[in-house]
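J.:
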DNA sequence: AAACCAAGTTTCACTATTTGGAACTAAATG
DNA sequence: CATTTAGTTCCAAATAGTGAAACTTGGTTT
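Chains as they are written, first to last, in the numbering used here: chain A, 644 to 918; chain B, 644 to 918.
Next up, the structure:
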């Protein structure tokens, strides 16, 4: 997966439009028409029209002075709805607050999105934060605590897919850089119920993470507590594991009640019907 | 603008797809196919295909158990890019932190998006009041401090459009419920340089707001400090105005340097004509 | 148990939209 | 002033979207 042009998305016009959005977002800065043209397979006129329409719709914003495109504010509006409805964040919030307060360390809540880690909420060691200052950011799954905790509890098909889509880039000399090594670690994680990140992504950064599961073992996300080797060692960090695990379980239970009822039990009719 | 079905969007397939996204988001809860079908003009099969494709793309998420759709996590990813690049939030962050610390009150940063207030960042009061606002959330412009502060400094065309698109719903008995009343207030705001919200949106909630402007008077957004009538009165709140104004100016200056260079000063010719 | 109903899904002939090569214009450069 | 580069418009060909209707599924009524 080198730097070649993105393959055109599968489904129709809408898929292509989403592709364009991703392309623009990928630059992480306002971007000119020509730059986008290079990196896309679309012919000039086609790309041009896409940018026009998306800008019209507020999905992109256009700066006429600089002639640059950037992701638009309509996305922020929509994402607010997504964050509220489809993420674990609203449910997890009070638990994260408590965990953050108790540990005094950085706490993350993440979900898996196209085999990547998507951070949906966070508490800093220091100050209270708001929404997507950090939430919305993505990171690699194979070398983070939350990523591995989540992958370990995927069903077989999803796991195979996820594992095969990792880049295995070596960030530090402790990074797991092969599918085999990752699978071995995932087995261990599944067995003991939590994952560790021992400076696999950033030097000096260690963390412990637990998956958030429904009672039916459906994996919903993961939470982690992160520390730095300067201030603590693994023994201190692992002491938090039982606490982290309990919080993860609470979030899972809460989520199940609220959003992933998985009931099906015998209750049957959530829809009662007159006449 | 009552509860009738949304008019079909202008531009093509993509516009319609965005419409569907808005429709789903508007429910503020996971929603079933049939519910969406009622509120949209699309025929069954068409809407169905849209939902399929959008779900495929991760713009929506589908819960197979409940058969419900909700805005998808891909939006959160994209919005992160939008927030980082197209909003004032990254620039304003340190200033908001300081302002929040100094005042101890709730602080908002907002931008105008389709004539509505879009909150892009927020700091909670030391003693938080339960209140309607979070990053990504939208609210009315005609009855909020930030909304009025922004509208007052729009150019004439934009102002006319914005003013005409307000709903003028009466939230409290102090809400301005006519275009004339709003325009009068906007004149006053323009003159004194800041806006107030005197329980016009929520009873007991008052605020002062200043616009964020470039040196060329281009309106970029607004910031506000909010309080509750239980703990303070307007005199106390208005004492913060100079401080708020200074922060708004700092943000404006910073933003101009970073993102809205507006240099080009006298270059003038948006249309210069050869020969 | 058979008939019924409602919600969701698939089909397919019809057509409106998208497509993209190429021509065009505007602005930047030598 | 000639030339290049960047952005915009055109239009015939082809693809992709449309939506009425038929079908499937799962649950409820007679």
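Virtual Cβ for every residue (Gly too), placed ideally from N, Cα, C.
Values in this document were obtained by computation on a predicted structure and should not be read as measured data.
#1: So if DSSP puts residue 782 of chain B in a beta bridge, which residue, or which two residues, is it bridged to?
#2: Looking at residue 783 of chain B and residue 821 of chain B, is the spacing between their C-beta atoms short of 8 Å?
#3: Does the beta-carbon of residue 673 of chain A have 16 or more other beta-carbons within 10 angstroms, so that it is buried, or is it exposed?
#4: Per DSSP, which one or two residues make a beta bridge with residue 765 of chain B?
#5: Along the chain, where does the alpha helix (DSSP H) containing residue 788 of chain B start, and where does it finish?
#6: From this set, B:758, B:795, B:757 and B:729, which residue's C-alpha is nearest residue 764 of chain B's C-alpha?
#7: Between which two residues does the alpha helix (DSSP H) carrying residue 743 of chain B extend?
#8: Among residues of its own chain, excluding the 5 on either side of residue 858 of chain B, which ones have a beta-carbon nearer than 8 Å to its beta-carbon?
#9: Comparing C-alpha positions only, which one of B:828, B:720, B:665 and B:660 sits nearest to residue 691 of chain B?
#10: Could you work out which residue in A:878, A:716 and A:748 is closest to residue 731 of chain B when comparing CA atoms only?
#11: In chain B, which residues lie less than 7 Å from residue 668 of chain A when you measure between Cβ atoms?
#12: Under a Cβ-count criterion, where at least 16 other Cβ atoms within 10 Å of its own Cβ denotes burial, should residue 655 of chain B be classed as buried or exposed?
#13: For residue 800 of chain A and residue 781 of chain A, what's the separation of their Cα atoms in angstroms?
#14: How long is the line joining the alpha carbons of residue 775 of chain A and residue 681 of chain B, rounded to whole angstroms?
#15: Which value, in whole angstroms, describes the spacing of the CA atoms of residue 803 of chain B and residue 739 of chain B?
#16: Between which two residues does the beta strand (DSSP E) harbouring residue 819 of chain B extend?
#17: Grouping DSSP H, G and I as helix and E and B as strand, with all else coil, what is residue 837 of chain B?
#18: What do you get for residue 796 of chain A, buried or exposed, if any count of 16 or more other CB atoms within 10 angstroms of its CB means buried?
#19: Let me check one thing: in DSSP terms, what residues is residue 848 of chain A bridge-paired to?
#20: As a quick exercise: from B:702, B:860 and B:872, pick the residue whose alpha carbon is nearest that of residue 798 of chain B.
#21: Measure how close the beta-carbons of residue 719 of chain B and residue 779 of chain A come, nearest whole angstrom, since I'm counting them as under 8 Å.
#22: Write down the C-beta distance between residue 792 of chain B and residue 865 of chain B rounded to the nearest angstrom, noting that I regard them as a contact closer than 8 Å.
#23: Quick check on residue 869 of chain B - is its C-beta less than 8 Å from some C-beta in chain A?
#24: Thinking just about the alpha-carbon of each residue, which of A:794, A:855 and A:848 is nearest to the one in residue 627 of chain A?
#25: Where residue 869 of chain B and residue 734 of chain B are concerned, what is the direct C-alpha to C-alpha distance, given to the nearest angstrom?
#26: Measuring straight from C-alpha to C-alpha, what distance separates residue 777 of chain A and residue 670 of chain A?
#27: Distance cutoff 8 Å, beta carbons only. Does residue 890 of chain B sit that close to anything in chain A?
#28: I need the boundaries of the alpha helix (DSSP H) containing residue 706 of chain A, first residue and last residue.
#29: Out of curiosity, what's the CA-to-CA distance linking residue 823 of chain B and residue 678 of chain A?
#30: Residues of chain A with a CB under 8 Å from the CB of residue 714 of chain B: which are they?
#31: Of all the residues that make up the stretch 744–772 of chain B, which are near chain A by a beta-carbon distance shorter than 8 Å?
#32: Using a Cβ-Cβ distance cut-off of 8 Å, determine whether residue 656 of chain A contacts chain B.
#33: Under the DSSP definition of a beta bridge, which residues are partnered with residue 866 of chain B?
#34: Given a threshold of 16 other Cβ atoms within 10 Å of its Cβ, counted over all protein chains shown, does residue 688 of chain A qualify as buried or as exposed?
#35: Kindly say whether residue 989 of chain B, judged by its beta-carbon, lies nearer than 8 Å to any beta-carbon of chain A.
#36: So with Cβ pairs under 8 Å, would you call residue 736 of chain A a contact of chain B?
T.: For this structure:
#1: Along the second chain, one-based indexing puts residue 782 of chain B at 139. The partner list for residue 782 of chain B (beta bridge, DSSP) reads B:760.
#2: Position 178 of the second chain, counted from the first residue, corresponds to residue 821 of chain B. Position 140 of the second chain, counted from the first residue, corresponds to residue 783 of chain B. Cβ atoms of residue 821 of chain B and residue 783 of chain B: not closer than 8 Å.
#3: Position 30 of the first chain holds residue 673 of chain A. Label assigned to residue 673 of chain A: buried.
#4: Within the second chain, numbered from 1, the residue matching residue 765 of chain B stands at position 122. B:751.
#5: Indexing the second chain from 1 puts residue 788 of chain B at position 145. From DSSP, the alpha helix (DSSP H) with residue 788 of chain B extends over 788–795.
#6: Here residue 764 of chain B refers to the residue found at position 121 of the second chain. Comparing Cα positions, the closest option is B:729.
#7: As a first step, residue 743 of chain B is located in the second chain; it is residue number 100 there, counting from the start. Residue 743 of chain B -> alpha helix (DSSP H) spans 732–746.
#8: Walking along the second chain from the start, residue 858 of chain B turns up at place 215. Cβ within range, chain order: 895, 896, 899 and 905.
#9: If you number the second chain from 1, residue 691 of chain B lands on position 48. Taking only the C-alpha atoms, the option nearest residue 691 of chain B is B:660.
#10: For the purposes of this step, residue 731 of chain B is taken as the residue at position 88 of the second chain. It is A:716 whose Cα lies nearest to the Cα of residue 731 of chain B.
#11: Within the first chain, numbered from 1, the residue matching residue 668 of chain A stands at position 25. In chain order: 721 and 724.
#12: Numbered from 1 along the second chain, position 12 holds the residue referred to as residue 655 of chain B. With fewer than 16 Cβ atoms within 10 Å of its Cβ, residue 655 of chain B is classed as exposed.
#13: Here residue 800 of chain A refers to the residue found at position 157 of the first chain. Here residue 781 of chain A refers to the residue found at position 138 of the first chain. If I take the Cα positions, the gap works out to 22 Å.
#14: If you number the first chain from 1, residue 775 of chain A lands on position 132. If you number the second chain from 1, residue 681 of chain B lands on position 38. Only weak support is given to the placement of residue 775 of chain A: the predicted model assigns it a pLDDT of 47, under 50, and the value that follows is read from those uncertain coordinates. Residue 775 of chain A and residue 681 of chain B: Cα-Cα distance of roughly 33 Å.
#15: Start at 1 with the first residue of the second chain, and residue 803 of chain B comes out as number 160. Start at 1 with the first residue of the second chain, and residue 739 of chain B comes out as number 96. One alpha carbon belongs to residue 803 of chain B, the other to residue 739 of chain B, and they sit about 30 Å apart.
#16: Within the second chain, the letter at position 176 stands for residue 819 of chain B. Per DSSP, residue 819 of chain B belongs to no beta strand (DSSP E) and is neither H nor E.
#17: Taking the second chain and counting its residues from 1, the one referred to as residue 837 of chain B is at position 194. Three-state result, residue 837 of chain B: coil.
#18: Taking the first residue of the first chain as position 1, residue 796 of chain A is located at position 153. Buried is the call here.
#19: Along the first chain, one-based indexing puts residue 848 of chain A at 205. Residue 848 of chain A pairs with A:871.
#20: Numbered from its first residue, the second chain carries residue 798 of chain B at position 155. Per the C-alpha coordinates, the member of B:702, B:860 and B:872 positioned closest to residue 798 of chain B is B:860.
#21: Here residue 719 of chain B corresponds to residue number 76 of the second chain, with the count starting at 1. Here residue 779 of chain A corresponds to residue number 136 of the first chain, with the count starting at 1. Sure, about 5 Å apart at Cβ, within 8 Å.
#22: Taking the first residue of the second chain as 1, we reach residue 792 of chain B at position 149. Taking the first residue of the second chain as 1, we reach residue 865 of chain B at position 222. Correct: roughly 4 Å between the Cβ atoms.
#23: Along the second chain, read from residue 1 onward, the residue named residue 869 of chain B stands at position 226. No, no contact with chain A.
#24: As displayed, chain A neither begins before 644 nor continues past 918, which places residue 627 of chain A out of reach and without an answer.
#25: Taking the first residue of the second chain as 1, we reach residue 869 of chain B at position 226. Taking the first residue of the second chain as 1, we reach residue 734 of chain B at position 91. Cα to Cα, the separation comes out at about 21 Å.
#26: Locating residue 777 of chain A in the first chain gives position 134, counting from the first residue. Locating residue 670 of chain A in the first chain gives position 27, counting from the first residue. Roughly 18 Å separates the two Cα atoms.
#27: Sequence index remark: in the second chain, residue 890 of chain B carries index 247 (1-based). No, its Cβ sits nowhere closer than 8 Å to a Cβ of chain A.
#28: Taking the first chain and counting its residues from 1, the one referred to as residue 706 of chain A is at position 63. Unbroken run through residue 706 of chain A is the beta strand (DSSP E), 703–706; no alpha helix (DSSP H).
#29: Translated into the one-based positions of the second chain, residue 823 of chain B becomes position 180. Translated into the one-based positions of the first chain, residue 678 of chain A becomes position 35. About 47 Å.
#30: On the second chain, position 71 is the one that residue 714 of chain B refers to. Neighbours of residue 714 of chain B in chain A, taken as residues at a C-beta separation under 8 Å, are given in chain order as 721, 722, 724, 725, 728 and 729.
#31: Those would be 754, 756, 757, 761, 763, 764, 765, 766 and 767, in chain order.
#32: Stepping through the first chain from its first residue, residue 656 of chain A is reached at position 13. For residue 656 of chain A, the answer is yes, since a Cβ of chain B falls inside 8 Å of its Cβ.
#33: In the second chain, residue 866 of chain B corresponds to position 223, counting from 1. B:752 and B:853.
#34: For the purposes of this step, residue 688 of chain A is identified with residue 45 of the first chain, where counting begins at 1. By the neighbour-count rule (16 or more Cβ atoms within 10 Å), residue 688 of chain A is not buried but exposed.
#35: Residue 989 of chain B lies beyond the residue range present for chain B, which begins at 644 and ends at 918; the question has no answer from this structure.
#36: Counting from 1 along the first chain, the entry for residue 736 of chain A is found at position 93. Cβ-Cβ to chain B under 8 Å: no for residue 736 of chain A.
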